[in-house]
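Colleague: Below is one structure. I have some questions about it.
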Amino acid sequence: MTDQTAASAAAPNAVPSAAEAVQSRLVGQFADVLSHCTAVAKAQNRDDLIARLNVTAGRLAQPSVRVVVVGEFKKGKSAFINALLGTRLCPVDDHVATAVPTVISYGAEPAAVAVRADPATPSEEHRQNLSVEDLASHVTDQSTLLDGLHRIEVFLPDAWLKSGLVLVDTPGVGGLETAAAVETLNMVAGAHCVIFISDASQEFTAPEVDFLVAASQLCPNIICVLTKTDIFPHHQDVRAMDERHLVERKLAFPVIPVSCMLRDRAWQTRDIDLNALSGFPGLKTLLITGVLQRALHLTVQATVREVTNVLDQCMATLTATVAAAADPAAAARLLAELKTAQEHAAMLRSNSARWQVVLNDGVADLTADVDFDLRSRFRSIGQEADEAIEQSEPSRMWPEFCSWLERRAGHDVTDNYSLLASRANALALQVAELFAGDEAEITHEVGVSLPEVSVRGISTPGTPKVGDLIHSGFSLFRGAYSNMEMFSTLGNMLKWHFLGGLNPLSVGLGLLVGSRSIHDERKRQLESERQQAKAAHRKYTDEVQFRVSHDSREALKAVQRQLRDSFTARAEQLARTTTAAVTNAQATLNSDSASRKASAAAAQEWLKHIAALRVRLQAVADQAQRTVAAPAPPAEEPA
Ligand SMILES: Nc1nc2c(ncn2[C@@H]2O[C@H](COP(=O)(O)OP(=O)(O)OP(=O)(O)O)[C@@H](O)[C@H]2O)c(=O)[nH]1
Ligand SMILES: [Mg+2]
């Protein structure tokens, strides 16, 4: 497996997997309903609703189920991804390390792209095509491309990837105090599932358990995988110890032992028994049932919710016409009710809407809390550093001191980031629930006095899930902490400061004076060293704190922007719907009796069509959920 020259990017399995069939069937099942629904929206000139349906159809056609593979150095992360896909794509080596995240997803042709910050406009990304065959040389720490590189994206024509699976290989973490930890947690925050790789050589170490605790706050769906079972015969004991560690920290994640080496050999020799021994078939089933099917289930739910919402809005405007024609005598009341709904919809769009207030206040509070947390942490670091310096000779302990300071700062930055990400997640949920409540109330109001075709029962019961939105929100965190290499670059700040203190000339001058003054001089020198040391560490921590604080604020602003834009777009749709309902009702009332009848009859026809579509949608949804929940297919064998 270390032979990178034999690396092959070709898909190992061209036969569509059962999971892909599920996804393709879902697209087929919803296609008809989606196209009819689009026709209804088109008849009402609702390009905004059509755009919403297009997004829904796109998500169904190309689900993206992000599985991030993380762990300490050399535990077998890259080997695991290769073994899972039956490829030798990711570089696996005892000496060369993965240095940049590699995102592997479906593509009709094998392709690879390096994504880096654009030097001209750093907020934009620059994409450079690479050869897949040379991938190994680009993602390792020996690559010449690393400067400013965010990630490498690889596309493979693999059936499993086509079902929506996106695998991310990450650089080793090396403890929570490292810059890599924050970057990895960044990726964990946007994942559907995290695969935590440890090996069977020993039980989880304390840093591994700490990392799992931090990751669990950002992604609850974690699978622990123990690699190298082929060379560690006591792997079941290690597994039992790992499970105990998890229980102690109140974590309930499965621990699955595997051998990438056996799986690799099984692929080469087409040996089904060896494949079973590798542990991969069981793991693959778990991924299909616990991750892929779950994500597809949510996609079906989201599709039904979106289509229902679009139909609700189309119905509301048609129903206004029908109601106005049916009972012109009650016109004043009808119009008053519709106008109230219109005002509420306008309010939902405004800055004073409850969801906007909660979002803005929440982000402001969170920014302040995260900043306060960071400042408190760095104040403690500063105090500890001062104490250490006071009790020592800085020139002697400087290298150890620098490495302690870098690790300590890194650890606290990671904790600070965890606080930010988990609280931002909670805020996004709170805002989404608030918005959904107000939205349902307005939809309800539009149909409140329309007994014949009430839109009351139309809204999907329960609070809409906002997982997709939150995931996309957190994707904005990616890159937000791109300054993490600061620990090493800023570390240079610490390095030179004692050259002055150790200047041989100043030491030599000290020797020329008498012993008493030597003692005084030494004292003075020590004091001066300590002052320099304190100034040096303060300069370093101030700079780290400044940059982290800037990154946090930017990340939160991005989340705020994303949530605000999504919900504002939905509020605008609702405002358009209520305005159209008022206009329709008004126009019907103002017209003569013959035109009133004609427009009411036309609206009734559309309403019947929509009612039939709703029945069809329900049937498709039931069918789709059965498709998704079908028993997991037997894990495919390398035969
Ligand atoms: N025998 C055996 N060796 C394995 C297994 N998994 C990984 N290895 C070996 O472990 C070493 C490290 O594997 P990698 O996949 O490069 O580990 P990694 O976690 O990606 O390493 P970094 O990217 O540097 O953090 C390689 O020599 C692999 O061949 C396994 O299941 N069995
Ligand atoms: Mg690796």
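Mapping of the sequence shown onto the working numbering: residues 1 to 639, in sequence order. Virtual Cβ for every residue (Gly too), placed ideally from N, Cα, C. These numbers were taken from a predicted model, which means no experiment stands behind them.
First and last residue of the alpha helix (DSSP H) that includes L296?
Modeller: Locating residue 296 in the sequence shown gives position 296, counting from the first residue. Counting along the chain, the alpha helix (DSSP H) containing L296 begins and ends at Q293 to A326.
Colleague: Where does V615 sit, in a helix, a strand or coil, going by DSSP?
Modeller: Within the sequence shown, the letter at position 615 stands for residue 615. Helix.
Colleague: Enumerate in chain order the residues of its own chain whose CB-to-CB distance from P464 is below 6 Å, with the five nearest sequence positions on each side excluded.
Modeller: Numbered from its first residue, the sequence shown carries residue 464 at position 464. Unreliable placement is indicated for P464, whose pLDDT of 29 sits below 50; the coordinate value is still reported in the next sentence. The residues are R305 and A436.
Colleague: Helix, strand or coil: which one does DSSP assign to D648?
Modeller: Absent from the structure is residue 648, since the part of the chain shown begins at 1 and ends at 639.
Colleague: Which runs of the alpha helix (DSSP H) at least 4 residues long sit entirely within the stretch 557-607? Give them in chain order.
Modeller: The stretch 557-607 contains no whole alpha helix (DSSP H) run of 4 or more residues.
Colleague: For I197, is the beta carbon positioned less than 8 Å from some heavy atom of ligand 1?
Modeller: Walking along the sequence shown from the start, residue 197 turns up at place 197. Yes, Cβ of I197 sits closer than 8 Å to a heavy atom of ligand 1.
Colleague: Applying the 10 Å Cβ sphere with the 16-neighbour rule, what's the burial state of F280?
Modeller: Counted from its first residue, the sequence shown places residue 280 at position 280. It counts as buried.
Colleague: Determine, using beta carbons only, whether L53 and T38 come nearer to each other than 9 Å.
Modeller: Position 53 of the sequence shown, counted from the start, is the residue given in the question as residue 53. Position 38 of the sequence shown, counted from the start, is the residue given in the question as residue 38. In this structure, T38 lies closer than 9 Å to L53 by Cβ.
Colleague: My guess is that D373 and L419 are in contact by the Cβ rule of under 8 Å, so how many angstroms apart are they, rounded?
Modeller: Here the question's residue 373 lines up with position 373 in the sequence shown. Here the question's residue 419 lines up with position 419 in the sequence shown. With a Cβ gap of about 6 Å, D373 and L419 count as contacting.
Colleague: Less than 8 Å between the CB atoms is what I'm expecting for P157 and A99, so what's the real figure, rounded?
Modeller: Here residue 157 corresponds to residue number 157 of the sequence shown, with the count starting at 1. Here residue 99 corresponds to residue number 99 of the sequence shown, with the count starting at 1. Not a contact, Cβ separation roughly 26 Å.
Colleague: Grouping DSSP H, G and I as helix and E and B as strand, with all else coil, what is A114?
Modeller: One-based indexing of the sequence shown puts residue 114 at position 114. It is a strand residue.
Colleague: For the beta strand (DSSP E) containing N129, list its first residue and its last residue.
Modeller: Working through the sequence shown from its first residue, we reach residue 129 at position 129. Note, N129: beta strand (DSSP E), E125 to L130.
Colleague: Going by DSSP, what residue range makes up the alpha helix (DSSP H) through S163?
Modeller: On the sequence shown, position 163 is the one that residue 163 refers to. That residue, S163, is in no alpha helix (DSSP H); it is neither H nor E in DSSP.
Colleague: Please return the same chain residues whose Cβ sits closer than 8 Å to the Cβ of D242, not counting the five positions on each side in sequence.
Modeller: Counting from one through the sequence shown, the residue named residue 242 turns up at place 242. Closer than 8 Å at Cβ, skipping near neighbours: S198, E203, F204, C224, L226 and V255.
Colleague: What are the boundary residues of the alpha helix (DSSP H) that V194 is part of?
Modeller: On the sequence shown, residue 194 is found 194 positions in, with the first residue counted as 1. V194 -> not in any alpha helix (DSSP H); beta strand (DSSP E) instead, spanning C193 to D199.
Colleague: Give a yes or no on whether the C-beta atoms belonging to L311 and I442 are separated by under 9 Å.
Modeller: Taking the sequence shown and counting its residues from 1, one reaches residue 311 at position 311. Taking the sequence shown and counting its residues from 1, one reaches residue 442 at position 442. Not in contact: L311 and I442 (Cβ atoms no closer than 9 Å).
Colleague: Going by the C-beta, is D169 closer than 8 Å to any heavy atom of ligand 2?
Modeller: Translated into the one-based positions of the sequence shown, residue 169 becomes position 169. Yes, Cβ of D169 sits closer than 8 Å to a heavy atom of ligand 2.
Colleague: I want to check one thing, is the minimum distance from the CB of L77 to the heavy atoms of ligand 1 below 8 Å?
Modeller: If you number the sequence shown from 1, residue 77 lands on position 77. Note that residue 77 corresponds to Lys in the displayed sequence, not to Leu. True, at least one ligand heavy atom lies under 8 Å from that Cβ.
Colleague: Going by C-alpha distance, which of F196, S380, D361 and D438 is nearest L427?
Modeller: Start at 1 with the first residue of the sequence shown, and residue 427 comes out as number 427. Minimum Cα distance to L427 is reached at D361.
Colleague: In whole angstroms, give me the CA-to-CA distance for A581 and N129.
Modeller: Against the sequence shown, residue 581 aligns to sequence position 581. Against the sequence shown, residue 129 aligns to sequence position 129. Each residue's Cα considered, the two are about 51 Å apart.
Colleague: Tell me whether L262, by its Cβ, gets closer than 8 Å to a heavy atom of ligand 1.
Modeller: Counted from its first residue, the sequence shown places residue 262 at position 262. At least one heavy atom of ligand 1 is nearer than 8 Å to the Cβ of L262, so yes.
Colleague: Compute the distance between the beta-carbons of R553 and T367, then report whether it is under 9 Å.
Modeller: As a first step, residue 553 is located in the sequence shown; it is residue number 553 there, counting from the start. As a first step, residue 367 is located in the sequence shown; it is residue number 367 there, counting from the start. It is a contact, given that the beta carbons lie within the stated cut-off.
Colleague: Looking only at its chain, what residues have a beta carbon closer than 7 Å to the beta carbon of R239, apart from the 5 residues adjacent to it on each side?
Modeller: As a position in the sequence shown, residue 239 is number 239, starting the count at 1. The residues are L226, V255 and P257.
Colleague: For Q623, which residues from the same chain have a beta carbon less than 8 Å from its beta carbon, with the 5 sequence-adjacent residues on both sides left out?
Modeller: Within the sequence shown, numbered from 1, the residue matching residue 623 stands at position 623. Closer than 8 Å at Cβ, skipping near neighbours: Q29.
Colleague: Going by DSSP, name the residue or residues bridged to C37.
Modeller: Within the sequence shown, numbered from 1, the residue matching residue 37 stands at position 37. Per DSSP, none; premise fails for C37.
Colleague: Leaving out five residues before and five after V628 in sequence, what residues of the same chain have Cβ atoms less than 8 Å from its Cβ?
Modeller: Within the sequence shown, numbered from 1, the residue matching residue 628 stands at position 628. Only V22, L26, Q293, L296, H297 and V300 meet the Cβ criterion.
Colleague: Do you know how far the Cα of L318 is from the Cα of A569?
Modeller: On the sequence shown, residue 569 is found 569 positions in, with the first residue counted as 1. On the sequence shown, residue 318 is found 318 positions in, with the first residue counted as 1. Whole-angstrom Cα-Cα distance: 22 Å.
Colleague: If you check the beta carbons only, do S105 and C90 fall under 9 Å apart?
Modeller: Counted from its first residue, the sequence shown places residue 105 at position 105. Counted from its first residue, the sequence shown places residue 90 at position 90. No, they are not a contact pair.
Colleague: Taking only runs of the alpha helix (DSSP H) that begin and end inside the stretch 379-448, which ones reach a length of at least 4 residues, in chain order?
Modeller: Here the runs fully enclosed are 394-446.
Colleague: Report the residue from V173, A200, S163 and A97 whose alpha carbon sits nearest the alpha carbon of Q142.
Modeller: If you number the sequence shown from 1, residue 142 lands on position 142. Nearest of V173, A200, S163 and A97 to Q142, Cα basis: A97.
Colleague: Are the CB atoms of R249 and V213 nearer to each other than 9 Å?
Modeller: If you number the sequence shown from 1, residue 249 lands on position 249. If you number the sequence shown from 1, residue 213 lands on position 213. Yes, they are a contact pair.
Colleague: Report buried or exposed for I222, applying the criterion of at least 16 other Cβ atoms within 10 angstroms of its Cβ.
Modeller: Looking up residue 222 in the sequence shown gives position 222. Label assigned to I222: buried.
Colleague: Could you give the DSSP three-state label for L450: helix, strand or coil?
Modeller: Position 450 of the sequence shown, counting from 1, holds the residue named residue 450. Summary for L450: the model assigns pLDDT 31, below 50, so the residue's position carries little reliability, and this model does not support an answer.
Colleague: Considering Cα atoms alone, identify which of D369, S376, W606 and K339 is closest to A575.
Modeller: Here the question's residue 575 lines up with position 575 in the sequence shown. Minimum Cα distance to A575 is reached at K339.
Colleague: For V139, collect the residues of the same chain with a Cβ closer than 8 Å to its Cβ; drop the 5 residues on either side in sequence, then sort them by chain order.
Modeller: In the sequence shown, the residue the question calls residue 139 occupies position 139. Counting only Cβ-Cβ distances below 8 Å, and skipping sequence neighbours, we find C90, P91, T98, A99, V100, T102, I152 and D169.
Colleague: Tell me the residue span of the beta strand (DSSP E) that contains S105.
Modeller: By one-based count along the sequence shown, residue 105 stands at place 105. Its beta strand (DSSP E) spans residues T102 to Y106.
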